[in-house]
Amino acid sequence: MKISVVGGGYVGIVTGTCFARLGHEVTIIEIDAGKVAAVNNGQPPIYEIGLEELLREHAAKNLRASTSFASIASADCVFICVGTPPKPDGSPDLSFIASASASVGTHVKNRASYCCIVVKSTVPPGTTEKIVMPAVLKQAGTAGDAIGFAMNPEFLREGRAIEDFMHPDRIVIGSNSPRAGELVEQIYQGISAPVIHTSLSAAEMIKYTANAFLATKISFANELGNICKHLGIDVYEVMKGVGYDPRIGPLFLNAGAGFGGSCFQKDVSALVHLAKEVGEDPVLLQSVLCVNEQQPHRMIALLEGKLGSIAGKRIAVLGLAFKDNTDDIRDSRAVPVIRELLQKGAVVSAYDPMAVPPMQRLFPGIEYCSSAAGALNGADGCLVMTEWPEFSRLDKEFDLMAQRIIIEGRRILSCKGADGICW
Ligand SMILES: NC(=O)c1ccc[n+]([C@@H]2O[C@H](COP(=O)([O-])OP(=O)(O)OC[C@H]3O[C@@H](n4cnc5c(N)ncnc54)[C@H](O)[C@@H]3O)[C@@H](O)[C@H]2O)c1
Numbered sequence: 000m001k002i003s004v005v006g007g008g009y010v011g012i013v014t015g016t017c018f019a020r021l022g023h024e025v026t027i028i029e030i031d032a033g034k035v036a037a038v039n040n041g042q043p044p045i046y047e048i049g050l051e052e053l054l055r056e057h058a059a060k061n062l063r064a065s066t067s068f069a070s071i072a073s074a075d076c077v078f079i080c081v082g083t084p085p086k087p088d089g090s091p092d093l094s095f096i097a098s099a100s101a102s103v104g105t106h107v108k109n110r111a112s113y114c115c116i117v118v119k120s121t122v123p124p125g126t127t128e129k130i131v132m133p134a135v136l137k138q139a140g141t142a143g144d145a146i147g148f149a150m151n152p153e154f155l156r157e158g159r160a161i162e163d164f165m166h167p168d169r170i171v172i173g174s175n176s177p178r179a180g181e182l183v184e185q186i187y188q189g190i191s192a193p194v195i196h197t198s199l200s201a202a203e204m205i206k207y208t209a210n211a212f213l214a215t216k217i218s219f220a221n222e223l224g225n226i227c228k229h230l231g232i233d234v235y236e237v238m239k240g241v242g243y244d245p246r247i248g249p250l251f252l253n254a255g256a257g258f259g260g261s262c263f264q265k266d267v268s269a270l271v272h273l274a275k276e277v278g279e280d281p282v283l284l285q286s287v288l289c290v291n292e293q294q295p296h297r298m299i300a301l302l303e304g305k306l307g308s309i310a311g312k313r314i315a316v317l318g319l320a321f322k323d324n325t326d327d328i329r330d331s332r333a334v335p336v337i338r339e340l341l342q343k344g345a346v347v348s349a350y351d352p353m354a355v356p357p358m359q360r361l362f363p364g365i366e367y368c369s370s371a372a373g374a375l376n377g378a379d380g381c382l383v384m385t386e387w388p389e390f391s392r393l394d395k396e397f398d399l400m401a402q403r404i405i406i407e408g409r410r411i412l413s414c415k416g417a418d419g420i421c422w
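For the sequence shown, numbering that gives the first Met the number 0 assigns the number 0 to the initial residue and increments by one for each residue that follows.
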C-alpha cells in the first residue's frame with residue numbers, strides 16, 4: 000500500500016521504516032528539513048537499535064521523506080504521528096494534531112479513491128472525532144464516505160522500538176467504520192499479534208490507561224522501596240517474591256529514581272486534567288506523579304547525608320538519557336538531579352554513551368566527559384541515573400574519585416560499596 004506518515008520523530012520514523020520493512024511504499028512527511036535529509040540519506044536522526052540498518056535497506060527505495068504533503072494525494076492511508084506535548088496545566092497541546100489534520104485535509108481534496116486517516120499520536124478520548132475529522136473534512140470539502148478515520152495507538156518503547164513495532168503484544172485499531180478498521184489491519188499483515196477493534200475513543204483511552212497503569216506500578220514499587228530502605232529490606236528481593244503472582248506480574252516493579260521519558264509524565268498529567276474536567280478527583284493518579292517527582296530529590300538527600308553540603312563539590316552524573324539504549328532526555332530523571340545539584344552549588348561532570356548532545360543544549364555550563372572514568376575522575380560523589388549496561392561493569396573507575404561515594408538510582412552496578420536510592 001501507499002502510506003504517508005506525518006511527523007518523523009521517534010514514533011513516525013520507526014512507524015514509517017517498519018511499514019517499509021513490511022513492503023509498503025512509505026513517505027514520511029516532516030517539517031524539519033534536517034530530519035528529512037537525514038532519512039533520505041539513510042541516516043537515522045535519532046538513536047534507535049536496528050534503525051540505521053533498516054533505513055539503509057529502504058531509504059530511497061520504498062521509503063522517502065519530504066517536507067511536502069503531496070504524497071497524500073495518492074496514499075491509501077495516512078498516519079498522523081506528530082507530538083502532543085504537555086501544556087503548563089497538564090493538558091496535551093493538540094495544536095500539532097490540528098495543524099497536521101488541516102494539511103492532510105487540503106491534500107486529500109478531490110481524491111477519486113478511498114483513503115483512511117489514522118491517528119497514531121497519543122491523544123485524549125474524543126480528539127480524532129472532534130478535532131481530526133472536522134479539520135480534515137473541512138479542508139477536503141467532503142462530508143465523508145470517501146475518507147475513513149482510525150485511531151491506532153502506539154505502544155513501542157524507545158530503545159527497543161523496532162523490536163516492539165515488529166513484535167507487538169497487540170494491535171489496537173479504533174475506527175469510524177468497518178472499512179477503515181479493516182484497511183488498517185491489512186497494513187499490519189505480516190505481523191503476528193492479536194488485533195483489537197474498538198471505537199475511536201476507546202482506542203484513545205486504551206493508550207492513556209496502559210501508560211497510567213505502568214506509571215502506577217513504578218511509583219508503587221518506588222514507594223515500597225522507600226519504606227523498605229528504612230527497614231533495611233532489599234525491595235528487589237521483595238518484588239521478586241511478589242511478581243510471581245500472575246495477578247501482579249514481575250515487570251515494572253524495579254524501584255529507583257522514577258520514570259522519565261516523553262510519555263508517562265505527560266500522559267498521566269493529561270489523564271489527571273481530563274478527570275478534573277469531568278468532575279473527578281483523581282487522587283491515585285496525582286499520587287503517582289507526586290511519588291515520581293520526589294524520587295530524584297531523595298538521591299541528592301542521600302548524597303548530602305554522606306557528604307554534608309555539596310556546594311563546591313564535584314559530583315559525577317552517570318547516565319543522562321531517560322533510559323538505556325536511547326538518546327532521548329525528555330523528562331529524564333537526570334534533569335531534575337542536575338538542576339538541583341547546580342542550585343546547591345555543586346560542580347557537575349556528566350557522561351552518557353548517547354545523550355550528551357541534547358543535554359548540552361539544556362545545561363551548556365556543566366562538564367561533559369567522553370567516558371564514565373572521565374566524569375568520575377576527582378569526583379566527591381557519583382549519582383547513577385540510567386541503566387546503561389556498560390555501567391554494570393564499572394568498579395576500579397570509582398577509585399578515580401576523590402571519595403568513593405556512589406548513589407545508585409537504577410540497580411545496575413555490580414561493584415561493592417554503592418548505596419541504592421531504595422535499597
Ligand atoms: N516516543 C515514544 O516512545 C512514544 C511511544 C508511543 C506513543 N508516542 C506518542 O506519539 C506521538 C509522537 O511522539 P514522538 O516521541 O515521536 O514525538 P517527536 O516530538 O519526537 O516527533 C514529532 C515530530 O512531528 C513533527 N511535526 C510536528 N508538526 C508537524 C506537521 N504539521 N507536519 C509534519 N511534521 C510535523 C516534528 O517536527 C517532530 O519531528 C506523541 O503523541 C507521543 O505521545 C510516543
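Yeah, the Cβ is synthetic: ideal placement off N, Cα and C, and Gly gets one too.
Looking at residue j and residue i, is the spacing between their C-beta atoms short of 7 Å?
i: I79; j: S112; result: no
i: A401; j: G380; result: no
i: T141; j: G173; result: no
i: C17; j: C76; result: no
i: A320; j: M298; result: no
i: L283; j: Y207; result: no
i: I226; j: G49; result: no
i: M204; j: P124; result: yes
i: I420; j: E386; result: no
i: G260; j: R332; result: no
i: A254; j: V234; result: yes
i: P167; j: A192; result: yes
i: A371; j: L317; result: yes
i: L427; j: E128; result: Since the displayed the chain opens at 0 and closes at 422, residue 427 lies outside it and no answer follows.
i: A19; j: V25; result: yes
For residue i, which residues from the same chain have a beta carbon less than 6 Å from its beta carbon, with the 5 sequence-adjacent residues on both sides left out?
i: S366; result: Per the sequence presented here, residue 366 reads as Glu, with Ser not at that position. Only S348 meet the Cβ criterion.
i: T325; result: E157 and G158
i: K322; result: G158
i: S100; result: V131, A134 and V135
Secondary structure at residue i, three-state DSSP: helix, strand or coil?
i: R55; result: helix
i: Y9; result: helix
i: R426; result: Given that the chain is displayed from residue 0 to residue 422, the structure contains no residue 426 and the question cannot be resolved.
i: C289; result: helix
i: K305; result: helix
i: P91; result: strand
i: C414; result: coil
i: C262; result: coil
i: I195; result: strand
i: V131; result: helix
i: V122; result: coil
i: G173; result: strand
i: P281; result: coil
i: S331; result: coil
i: T14; result: helix
i: I161; result: helix
i: L155; result: coil
i: T215; result: helix
i: A256; result: coil
i: R246; result: coil
i: M238; result: helix
Who are the Cβ neighbours of residue i in its own chain at under 8 Å, not counting the five residues just before and after it?
i: G104; result: A134, V135, L136, K137, Q138 and A139
i: G416; result: F397, R403 and I405
i: I96; result: I79, V81, T83, V118, S120, V122, T126, I130 and V131
i: D327; result: Y9, I45, E157, G260, S261, A320, F321, A354 and P357
i: R392; result: S413
i: G311; result: G344, A345 and V346
i: S286; result: S218
Would you list the residues sitting across from residue i in a DSSP beta bridge?
i: G147; result: C115
i: S81; result: The sequence as given places Val at residue 81; Ser does not occur at that position. DSSP lists no partner for V81.
i: K275; result: Looking at the DSSP assignment, K275 forms no beta bridge with any residue, so it has no partner.
i: G380; result: I314
i: H166; result: DSSP, once it has assigned bridges, lists no residue as partnering H166.
i: G419; result: E407
i: R63; result: T26
i: S424; result: For the chain, the structure presents residues 0 to 422; residue 424 sits outside this window and is missing.
i: C76; result: I2 and C115
Once you ignore the five residues that flank residue i on each side, which residues in its own chain have a CB closer than 7 Å to its CB?
i: G180; result: A149, I172, S174 and H196
Under a CB-based cut-off of 7 Å, is residue i close to chain B?
i: V117; result: Considering every chain present, this structure includes no chain B. It has just one protein chain.
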